[in-house]
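Asks: Here it is, the structure in full.
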């Protein structure tokens, strides 16, 4: 009887642990969303770095797709590289939202800077235009 009570309590603790961890993850995404929409360039840049770091370790940051996409219009090559990396990763799972970036891809594909052109080209086949 005591063993059953311990198992029940342990199961409750596991459920609570999952809920707390889920809430923390949601809080982190909210914080990233806020930073991605900051008026300060350095805050946005750091947020993009953190999004990529979270994506790299396997956290789901697909909910930040539109917020990351808003930061594509920049002259900062580092941010562009990171955003293109993000888009390559999530364009297949969110094709409807990826279409929003087509105008920027075309603009970047025609850029005078060969590095920016090179970033845009691999992403074109990933986006399914229906």
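In full-length UniProt numbering, the protein residues as written are 1 to 130.
Note that CB positions come from ideal geometry on N, CA and C, so glycine has one too.
#1: Rounded to whole angstroms, what is the Cα-Cα separation between residue 30 and residue 19?
#2: What is the DSSP secondary structure of residue 52, reduced to helix, strand or coil?
#3: Helix, strand or coil: how does DSSP classify residue 37 here?
#4: For the putative contact between residue 74 and residue 81, defined by C-beta atoms under 8 Å, what is the C-beta separation to the nearest angstrom?
#5: Per DSSP, what kind of secondary structure is residue 94 in: helix, strand or coil?
#6: So residue 84 packs on residue 119, CB below 8 Å; how close in whole Å?
#7: Comparing C-alpha positions only, which one of 4, 103 and 48 sits nearest to residue 32?
#8: According to the Cβ coordinates, are residue 69 and residue 109 closer than 7 Å?
#9: Determine the closest residue to residue 37 out of 54, 65, 15 and 53, with distance taken between C-alpha atoms.
#10: Just curious, the alpha helix (DSSP H) that residue 108 is in, first and last residue?
#11: Output yes or no for whether 7 Å exceeds the beta carbon distance between residue 105 and residue 123.
Replies: Result, derived from the coordinates:
#1: Roughly 16 Å separates the two Cα atoms.
#2: helix
#3: DSSP places residue 37 in coil when its eight states are reduced to three.
#4: At roughly 11 Å, the Cβ-Cβ gap does not stay under 8 Å, so residue 74 and residue 81 are not in contact.
#5: coil
#6: 5 Å
#7: If we check each option's Cα against that of residue 32, 48 comes out closest.
#8: no
#9: 65
#10: For residue 108, the enclosing alpha helix (DSSP H) covers residues 102-109.
#11: yes
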